Amino acid sequence: MELNFESNLEYQQDAIGSIVDLFNGQASDNSPFQLGGFYRTTTLDDYGKTASNIGIGNRLDLREDIILENIRKVQLKNEITPTDNINKSKLKFTVEMETGTGKTYVYLRSIFELNKNYGFTKFIIVVPSLAIKEGVKKTLDITRNHFKRLYDNPIYNYFVYNSSRLNDIHNFVVDNNINIMIINIDSFNKDLNLINQPQDTLQGNRPIDLIAQTNPFIIIDEPQSITAKKDGKGEQAIERLNPLCTVSFSATPPDNSENYIYKLNAVDAYNKKLVKQIEVDSILSHNDHNSPYMKLVEVKAKPYSAKIEIDANVKGVTKRKTVKVKNKTDLSDLSKREIYTGYIVDNIICSEGRESVEFTNGERIKLNLAVGETNEKLIKRELIHYTIKEHLDKELRLLKKGIKVLSLFFIDKVANYRIYDKEGNPNLGDYAVIFEEEYKKLIKEDKYKSLMEYNNINVDISQVHNGYFAQDKKGFKDTNGKGKLDNDAYNLIMKDKERLLNMKTPLRFIFSHSALREGWDNPNVFQICTLNETRSKMKKRQEIGRGLRLCVDQDGNRIKNNPNINILTVMANESYDQFAEGLQKEIEEDTGIKFNRITDTSFSFTKYTNRKGDEEELGDQKSKLIYKYLEANGYIKKDGKILPQLEIDIEKGEFKLAPIVEDIASDKEELRNNIINEIRTLTAPPIVKKRGDRKTIKLDYDKYKKEDFYKIWNKIKHKSMYKVQFDTERLIEECSKRLHEELNIGNPTVIFTKAGYKIEYSGIEPQEEIWDVIESQGDSVDLPNILQYLQNETTLTRKTLARILIQSETLNQFKKNPEEYKEQTLLIIKEELRRFLVDGIAYTKIEDCYDEDEFERHELFRYVNELGEDDKSERSYKSPYEYTIFDSGIEKSFQEKLEFSNLIKFYMKLPGWFEIDTPIGKYNPDWAILVEREGKEELYFIVETKGTSNIKELKPSEQYKIKCGIEHFKALDESIQFEVESDFEEFKMDTISKY
């Protein structure tokens, strides 16, 4: 199995571009120097010496003010407060990316982009642990073919630093191709490290001094464990590497992080469906004194009833007594104690081995299991039982989709899973015994019969589960995640990544030491269960991070845009409320996000159209005005906490802005909607759901596969293929015209330096620095092969590209600053090419159809709290599903009005698997609608709901996909109308009425 990596994920491209754009204007060059001496120069005179004595380093020629200008441009684009000043000799940048979104891929691909654009060749990835080191190395291994295809077979070398292989350092220094070193911070942050000692094999030089001469580009993975420590050793060690710059990557950047250039936090990643949804299933332990005591004593099938032991209020005194219950019995009524509020009997299960009672709040108790005062071993059995059950249920749903399901158990003592007798023979520990007992019970149930046959577990149940622990000659050890023994365990897990994902490998349940909290994850982990003997001390973000990544199928393809598949279930030995509160607190502490709070700068980056017709951002001053208005009108407290009245007025359409704010905009409604969207982002629902709240959305068979369904389904069910034809002459004309009008490349300013450096044990100290700044006239610059570059990036022929450049009359600007010319030219040509591709696309209807049975095969879920409330779905009576799921307030409002309008006979939210092929990726439209006028005339609509009905106001990528959608449905049936709508009333009054 080979994992497939996507090269066009927009958020990853944005992150990569943010790094590359920091150095706009930098010439593509490197810095040769002579090995072995205490001084080096950065002049071109060093060329001509023998290769073995010449080191190749990075060089940054940009002036400090230009770098600062680049940084501020990147930050403003990414809605980050701009940096005021920088120090070119200590350039430090920060990228915040949530776990599971591909930060390792982003920084590895950035290496290739930096080399392609600026010629940088020396890169060092600094990691804090053995696990992360192995993870980075593994990612480099499995992306080799991907990067070779993407960058036309580049030559590059990578290695993990090993103090016994100093020749790797020499090769790193002298090689002029891309070189990537992976090194653990503990390998060079102490004076006694070999890398900091003179070595005879390196002519008496310290290895770190040779590395420092290359001026490496430093990438720090998880800086909170490297540069944030109070002793400052990590920071000092990084400085001894003499970095060209450092870019730190983390989901939880430390407080001392500088110059943020890109942010993708936990809430954004969750809301954009870039990671799995998280739900929590809880089994309460006896340590939770705030929970009600319950013990299931008996269950009966005829009639369905049960006996539960509770702590009841008997004449003002709390006494333990046994009560008889049936469905809908409220324990708070029987006990006369508020602590039992919400414990209403929902289901009584009497089948052998599964005897239990489930409550409407999602909690459950099993026969002879007491909650509030119970045996810890029984709690662990419950956790294991329900983890297996959840695993099997998901496996049942995902088996035919080719998605393997994995479950991960964290333990804090190896002996709980594996023990040894006096002769050293391994035996099952308590947890392994419990696992096999519970697995055998569950897998024999009729509903799992197909899984039993497929997995063939009768051969040996031990093949289904295994433990991964550090070990030495004496056996397995409890470890802290930082030693050599852990390295052995990490190696085993990382090397087994693809094997674990293969359906043919029977292993599905993994037991690991709780120290494995960083550096290891697997995309197909769907359940995580912590079996620590005490309440887990592992940070919840670390715990869920092992399974956040979107899953993959057997072809190695990532499953995206399907939140009904990508669900991570955490089995917790604490209540849902405790877990959710703890996770929310961690996110607030780690990222600075304040849930349900508005700050006086919350609207600084909100866009609006000013009275001149230009788009701009509100900025801090206007944001503060809005904040004061919200506070004065009772919408927020003094600390910014959002009050219920704000949401009520927004929902009623009664929310207004102060005239002093509205008057700045040419379109007051647009400004108000943009501010409302920002508020809705700040009041987003919690990112953790309660497992007990998850309900399956059923098909409504009174609507599904009935007459109205088929009326519209038969119109849209066919697939299509597309061809792209465009007028090359017109493309040349439009590209050359835009280049002529928009390009304005100035002469670069170049700094010529000749610097001496004295190398001491304390580091590298500059002895003198003589510099001068002149404006380059471009006549001595080595011009890159621009036709080759543009051809690789656009796939247009060299002849076409040459005509574009010649007709644009801009080649004189190419000489002034080749790198900037390349970038600006490529940007314009790509924009025009994309527009021509879409404008020239032609779809043809084919016989192949979307399979209507997919409606039954793809389960949908909604989460409903104990009050029956759900803010992401609404009951539907004109749709094939009983409930319609929506992704935004606009969709919610639209769906509500679809339900109540007499014009709408039938509609459906098109499912995620209904995708149209386009030249720029898959496209999933929003709605299919059947309109009936005057009881006889029928109209068919495909509707895309957006914040605006003007397609020109949408992002270019959205415009292009919608245009492709229009052509696709036109090819299927001319009677299908495709519309973009922001409001149902507009759709009814303006759109329907014109047909």
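383 is the number of the first residue of the sequence shown in this note's numbering; add one for each residue after it. We treat Cβ as the ideally placed atom computed from N, Cα and C, and that holds for glycine. The structure displayed is predicted, hence computed values, not measured ones.
- Counting every other CB atom within 10 Å of its CB across the protein chains shown gives Gly806 a total below 16, marking it as exposed.
- Collapsing the DSSP output to three states places Ser1258 in coil.
- The residue among Ile1348, Thr1327 and Ala1353 with its C-alpha nearest the C-alpha of Glu1363 is Thr1327.
- Taking one beta carbon from each stretch, the stretch 1088 to 1107 and the stretch 1228 to 1241 have 3 or more pairs nearer than 8 Å; the two touch.
- Taking C-alpha positions only, Phe1366 is separated from Ser1275 by approximately 8 Å.
- A distance below 8 Å between beta-carbons, with the five flanking residues on each side excluded, links Asn729 to the following residues of its chain, in chain order: Asn709, Val739 and Glu740.
- Of the candidates Gln408, Lys1088, Asp1252 and Glu1029, Lys1088 places its Cα closest to the Cα of Phe1288.
- Between the alpha carbons of Ile590 and Glu640 lies a distance of about 25 Å.
- Look at Glu1234 here: in three-state DSSP terms it is coil, with no helix or strand label.
- Per DSSP, reduced to three states, the secondary structure at Asn561 is strand.
- When rounded, the separation of the alpha-carbon atoms in Ser714 and Val679 is 18 Å.
- Apart from the 5 residues on each side of it in sequence, Asn549 sits with its Cβ closer than 8 Å to the Cβ of Thr583 in its chain, given in chain order.
- Secondary structure in the stretch 1318 to 1357: the alpha helix (DSSP H) runs of 4 residues or longer, each lying completely within the stretch, are 1338 to 1354 in chain order.
- Relative to Gln1003, the option among Ala1014, Thr1182, Glu997 and Thr988 whose CA is nearest is Thr988.
- For Pro945, the three-state secondary structure derived from DSSP is coil.
- In this structure, Ser1102 lies away from Ile1223, with their beta-carbon atoms at least 8 Å apart.
- Setting aside the 5 residues that flank it on each side, Glu1191 is surrounded in the same chain by His1122, each with a C-beta closer than 7 Å to its C-beta; the list follows chain order.
- Separation of Lys1260 and Lys1034 (C-alpha to C-alpha, rounded to the nearest whole angstrom) is 24 Å.
- Short of 8 Å from the beta carbon of Val696, and not among the five residues preceding or following it, lie these beta carbons of its own chain, in chain order: Lys703.
- Under the three-state reduction of DSSP output, Pro1026 falls in the helix class.
- A direct Cα-Cα distance of roughly 11 Å separates Ser1255 from Lys1291.
- No Cβ-Cβ contact shorter than 8 Å links Asn553 with Ile438.
- Taking a cut-off of 8 Å on C-beta distances, the stretch 635 to 650 touches the stretch 470 to 482, as three or more cross pairs fall below it.
- Within the same chain, Cβ atoms closer than 7 Å to the Cβ of Val542 are found at Lys515, Lys519 and Ile564, the five residues on either side in sequence being excluded.
- Contact between Ile761 and Glu820 is ruled out by a C-beta separation of about 13 Å, above the 8 Å threshold.
- With a threshold of 16 other beta carbon atoms within 10 Å, Gln1107 falls short and is exposed.
- In the DSSP assignment, Glu745 falls outside any beta strand (DSSP E) and carries neither an H nor an E.
- Measuring C-alpha to C-alpha distances from Asp603 to each of Thr711, Phe1237, Lys942 and Lys485 identifies Lys485 as the nearest.
- By the 16-neighbour rule on beta-carbons within 10 angstroms, Ile537 is exposed.
- In summary, Lys1343 is buried, with 16 or more beta-carbon neighbours lying within 10 Å of its beta-carbon over all protein chains present.
- The stretch 485 to 505 and the stretch 605 to 617 do not touch, with fewer than 3 CB-CB distances between them shorter than 8 Å.
- DSSP places Ala1310 within a strand segment (E or B) once states are collapsed to three.
- Take Ile843, set aside five residues on each side of it, and the residues of its chain with a beta-carbon closer than 6 Å to its own are Glu818, in chain order.
- For secondary structure counted as the beta strand (DSSP E) over 3 or more consecutive residues, the stretch 1062 to 1112 holds these complete runs in sequence order: 1070 to 1072, 1076 to 1079 and 1100 to 1106.
- The continuous beta strand (DSSP E) containing Ser687 extends over residues Tyr686 to Val696.
- Checking the DSSP bridge columns, you'll see His895 partnered with Ile793.
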